[in-house]
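Engineer:
Chains as they are written, first to last, in full-length UniProt numbering: chain L, 1 to 338; chain F, 1 to 338; chain Z, 1 to 338; chain B, 1 to 338.
1. From the DSSP output, which residues share a beta bridge with residue 253(F)?
2. By the DSSP assignment, the alpha helix (DSSP H) with residue 96(B) in it spans what residues?
3. Report back the beta-carbon spacing between residue 262(Z) and residue 284(Z) to the nearest angstrom; my notes put them in contact at under 8 angstroms.
4. Helix, strand or coil for residue 280(B) per DSSP?
5. Which full runs of the beta strand (DSSP E) of 3+ residues lie inside the segment 62-123 of chain B, going along the chain?
6. Run down chain L in chain order and give the residues with a C-beta less than 7 angstroms from the C-beta of residue 257(B).
7. Determine the direct distance from the alpha carbon of residue 159(F) to that of residue 230(F), and round the result to whole angstroms.
8. If you drop the 5 nearest sequence neighbours on each side, which residues of the same chain put their C-beta closer than 6 angstroms to that of residue 151(Z)?
9. Would you call residue 282(Z) buried or exposed, if buried means 16 or more other Cβ atoms sit within 10 Å of its Cβ?
10. Within the same chain, show all residues whose beta-carbon is closer than 6 angstroms to that of residue 273(B), passing over the 5 residues directly before and after it, in chain order.
11. So, for residue 105(L): in the same chain, excluding its five sequence neighbours on each side, which residues have a beta-carbon less than 7 angstroms away from its beta-carbon?
12. Can you tell me the Cβ-Cβ gap for residue 301(B) and residue 29(B), rounded? I've got them flagged as a contact below 8 angstroms.
13. Give the C-beta separation of residue 204(L) and residue 161(L) to the nearest angstrom, bearing in mind that I take them to be a contact with Cβ-Cβ under 8 angstroms.
14. When you compare each of 227(Z), 137(Z) and 79(Z) to residue 169(Z) by their alpha carbons, which one comes out closest?
15. Of the residues that make up the segment 288-315 of chain L, which ones have a beta carbon closer than 7 angstroms to any beta carbon in chain B?
16. Applying the criterion that 16 or more other CB atoms from any shown protein chain within 10 Å of the CB defines a buried residue, is residue 305(F) buried or exposed?
17. So, for residue 87(F): in the same chain, excluding its five sequence neighbours on each side, which residues have a beta-carbon less than 6 angstroms away from its beta-carbon?
18. When Cβ atoms are compared, which residues of the segment 15-40 of chain Z fall closer than 7 angstroms to chain B?
19. Closest Cβ-Cβ distance between residue 1(F) and chain B: below 9 angstroms?
20. So, for residue 323(Z): in the same chain, excluding its five sequence neighbours on each side, which residues have a beta-carbon less than 6 angstroms away from its beta-carbon?
21. Does DSSP put residue 261(L) in a helix, a strand or coil?
22. Per DSSP, what kind of secondary structure is residue 51(B) in: helix, strand or coil?
23. How about residue 134(B): is its C-beta nearer than 9 angstroms to some C-beta of chain Z?
24. Chain F partners of residue 65(B), CB-CB under 7 angstroms?
25. Quick check: what's the CA-CA separation for residue 15(L) versus residue 116(B)?
26. Given residue 251(B), which residues of its chain have a CB within under 6 angstroms of its CB, disregarding the five upstream and five downstream residues?
27. Out of 90(Z), 56(Z), 32(Z) and 292(Z), state which residue places its alpha-carbon closest to the alpha-carbon of residue 38(Z).
28. Exposed or buried, what is residue 1(B) when buried is set at 16 or more other beta-carbons lying within 10 Å of its beta-carbon?
29. What does residue 267(F) reach in chain Z if we use C-beta pairs closer than 7 angstroms?
30. Go through its chain and collect everything with a Cβ distance to residue 336(Z)'s Cβ below 8 angstroms, but skip five positions before and after it.
31. In whole angstroms, what is the alpha-carbon distance linking residue 32(F) and residue 213(F)?
32. Helix, strand or coil: which one does DSSP assign to residue 242(Z)?
33. Could you list which residues in chain B have their beta carbon closer than 9 angstroms to that of residue 275(F), in chain order?
34. Below 7 angstroms on C-beta distance, what does residue 44(B) contact in chain L?
35. At which residue ranges does the segment 12-50 of chain L contain complete alpha helix (DSSP H) runs of 4 or more residues, listed in the order of the chain?
36. Hey, could you find the ends of the beta strand (DSSP E) residue 329(F) is sitting in?
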């Protein structure tokens, strides 16, 4: 391995820019050597130059072909993820891929097979696992100090509903939004989900119905280890990004509240006003994005296991599919059906 | 109406003693004129005398026959509730009845019919509606300041599992424990439950299985107004009685945490230790018990509507039955099926 | 001792009524046998009858002369406290006396001498020692688990400034309001105050100046055990009664926050609103009033030491006097000067 | 002005390294062009190279002489601050100087005069003004929404006492530690301090006495606007860096609590354990260090007023001197005496 892990970026949209900036400013062992984006333009080139990255291209193939690239960051549109994984694997590059790998199970499985065959590392971008709060819940449960988990709870609400143009192509609330929470419950419980039951409703915007989607959903889950759980999602929490997790165990309960903008309490005759949660995922998971990138670079550089692997990319997609079937058919759905 | 509402107590067990004590010490407009309990003994007589109540008997009929009794408190065993309601109604007495009225729907309906026919008042003992925290959630939702509710959440965990002798005759977790939460979600949402889906697991004590019961359960609910909700129950939370409610609405979210023993924070190198929730329902709902009793006495004295009426006694039983079927049959169950 | 401690009340004003009600409703081992108040009138008689107390009089001497009175509650105006203590002591009655005993040191010392001579019990009404929060701070410090205390902090603010008619005769902020906190720091630290330095300012109402008083004050304190401390007082905190205490020790810190009306959090785009502290001392120290009365009755009935004795009545008055001199003369003042 | 503000660093110790790293990674409008440190060695050169800074020297004069340097960061030992300010001013460089400028009033005043004469900008490193929490307190007070401030409170405790070698040359608790809080109370109150009274005690380590120092101190303050205040300091809070501020005003109170490592609550039969405050100033004020540097660079680049100017460097030193005299002489000391 070179002294630094040399990264080729695939995609320079919002999340690609975020990862590139973190890699340059906050991941000492990484070096971004090139960026490919089919929509590469002058503004993006200027932005890249500001980070000291001068090798920019519209051609993703150039990344796979570049012998100076040790690893790729796949931050392109979802429909390219699986294809790029396969190409990167075949080129012997390690892979960091944004979630989801794909929405089709077979496509994911084929991509994972290519990764296995090539013997490269693949980390999937479930960033919340690196959040100080959720990690504390997981570590507490995993330590065994509270005994066996029995109830796993996740609340996850976005501050504002996305535009309908986005909703239309999002894959629906389970695949687009709750998928993070499906990953989270696996992470927190240390166990696989075996069955789900979903309820959904449209309370925010009637237009969700047009796209066979809901804006508010609750999903119950059964786990292999006997625990049960529940996730609630809302597309709109006007007070900010609501991200809470909790695991009830035999000897006690561990839970985390939101991170707030500040710790102020302003007390007047009208009441006591505290700060709201940090606004959205960029604010809330800012440090987690840096941590996941460092973890990947560390895994590559020191040949360690990645903390979020291929199976972690596959299972939440299966659970999301099961949840959609449950909602549509009004019945519990086993993950083994998927 | 007399200057004070004259009460006849039926049952002098734990809950009967609690109500009698509150009536004497904390309900200025009430007067306890007699107490009937089939197990009346010297100790109980002594206790009654301490409260200034000298008319004690083993014969419940004496209460119904007593012209000086304006209202009865039915605190006897559950299987006598419906019968006592009918007798009290026929005797023209107003009725405060501990929950549940019965576990059989027909029996409840017959009792409610007797109440209606007699034109007396009936209040059911869903004490949590009178808790300062839950009431605040309900009042906030009911005020409309947060817009329409979309997600209703209730967490309810007992500090320690009851003895198996109790579990055996309890009617199961839904009828015995979650019934309070079924009432709560109706109260908080201001809407009727239309369907439930239940998951349950045995994580605390394998013996629950013997009695076709679970010790840990999650139930999802649909409401008439389009909202959805979830309740989680555990028979054992070693840190104390865990009683939290939350309603997410269009414009915001209202939630309440547990009452704690005190507000202390002890900070050392080992961490920051805060107080646990108040231990169990007697501690947590102490003031709520007083408030519900005052509310009943006020309704009787001033001919107001009772705050928790017959329908509130009936619906949670239906929901509990639906939840049990859902758990047993592994499918969502509509309340209209019951 | 009789089966119950038979109490004679002296004074039926706000605080006298409070104690009488608590004694009747919440102190099982006490019995109120008579009430004397020079302003006894029909309304008060009616109120007393409601509590079952029929022996009412304008003549305080009748209390001292009554052989059926085991103990007196001195709830009359401050200028009568010392005299009543002496008379009660001479009559062999145990004494609960509201604070302060007097504002003159010699008068207090004479009263305490009479108590000593008679061998009766005297408890002074520093009710905050019985509050669950402050007691927890004290118990934690006293347990030694945090090592030696080094900084003692008390914040005490009233919700609204008293009327000027009251301010005029109050004895000033130190004697009327901060006296509770002078008791509190002795209680929390387990040590005597040796010196104070006071700063004061008029920020709420210029009229305080007319009465040589301030409405806002901070006092630093030195303790015999080497610790130092600080108290801050404001006559007006529009958000409610602000009562916080904190002790920093060698191994950690213990602190308590206010009791709130409820635990609600209402989150909207405008912020997160929590409840205010309970409004004033009647709400905040409601249970503490009951506890102090039970403690006194227990001490009398079972011949135990009272938890707040004569020295606890004397020292805060000395500290208050020292604080006033410090404010007036702009210098630290030793308690030994008083 | 060049497209970026070109910075010359003076000092490459802990705080110099911190600022240089922030300037490179987190201040887009700045460029570090050289670093001077009399103890420059290979390790430091390597560190600088890692940041892309190749111009390193032992000679501070080279910084002042470099025409490519727009501004200097004075991060050298305290005894060089004033001299470097004068030299930088004479060379026409803008200046960011770590606190304190000096401990001698005349020396500070001469340095400020040189800055004034040269017309360059000087910002003093009181970093806590840029903390999200304290800033919120100040902004709330400054907005006027709470009316006039009456009580200003600051708690500031370090997690562990410094080594005695440091204490010996530290200048004492007021000049070394509480100086930050003296700046803070000016910032929060928006008013100048006019008088202080100090209490101090040695509770942590008897050795403090050897150096005529204390390890625990409380200082009361009077402000020009009529408010009063109090600061408490401890050299050791084993639970972590305790940094709380509070301002009580006519219409309400604003206060901030500590930042915690995470928001977890672990509830068991033993109690509810929450996280400790972030460990020390590097963790707590990490973002504030970045913010103050950006603010300085912004002021230079866009010719704005610096947020912490020369007077802010002078006044806390005067207050610290007054506090020491107060402690030594046992009397209040007016700032005008200094």
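Cβ atoms here follow ideal geometry from the backbone N, Cα and C, with glycine treated the same way.
Structural biologist: With the structure as the only source:
1. The beta-bridge partner set that DSSP reports for residue 253(F) consists of 248(F) and 267(Z).
2. Where residue 96(B) is concerned, there is no enclosing alpha helix (DSSP H), although the beta strand (DSSP E) around it starts and stops at 94-97.
3. Contact flag wrong, Cβ pair sits at about 14 angstroms.
4. coil
5. 71-74 and 94-97
6. 263
7. 20 angstroms
8. 248
9. exposed
10. Same-chain partners within the cutoff: 266.
11. 317, 318 and 338
12. 6 angstroms
13. With a Cβ gap of about 5 angstroms, residue 204(L) and residue 161(L) count as contacting.
14. 79(Z)
15. none
16. exposed
17. Cβ neighbours of residue 87(F) beyond the five flanking positions: 64.
18. none
19. With a pLDDT of only 47 at residue 1(F), under the threshold of 50, the placement of this residue in the model should not be trusted; the figure read from the coordinates follows. The Cβ of residue 1(F) sits no closer than 9 angstroms to any Cβ of chain B.
20. Once the five neighbours on either side are set aside, the close Cβ partners of residue 323(Z) are 174, 196, 198 and 219.
21. Here residue 261(L) sits in coil by DSSP.
22. Residue state, collapsed to three classes: coil.
23. Contacts with chain Z at 9 angstroms (Cβ-Cβ) do not include residue 134(B).
24. What residue 65(B) touches in chain F: nothing, since even the nearest Cβ is about 50 angstroms away.
25. 47 angstroms
26. Only 146 and 147 meet the Cβ criterion.
27. 56(Z)
28. For residue 1(B), the pLDDT reaches just 47, beneath the cut-off of 50, and the residue's location in the model is therefore unreliable, leaving the point undetermined.
29. 252 and 253
30. Cβ within range, chain order: 194.
31. 39 angstroms
32. strand
33. 271 and 272
34. The contacting residues do not exist; residue 44(B) stays about 17 angstroms from chain L at best.
35. 14-26 and 42-50
36. In the DSSP annotation of this structure, residue 329(F) is not part of any beta strand (DSSP E); the continuous alpha helix (DSSP H) holding it starts and ends at 310-329.
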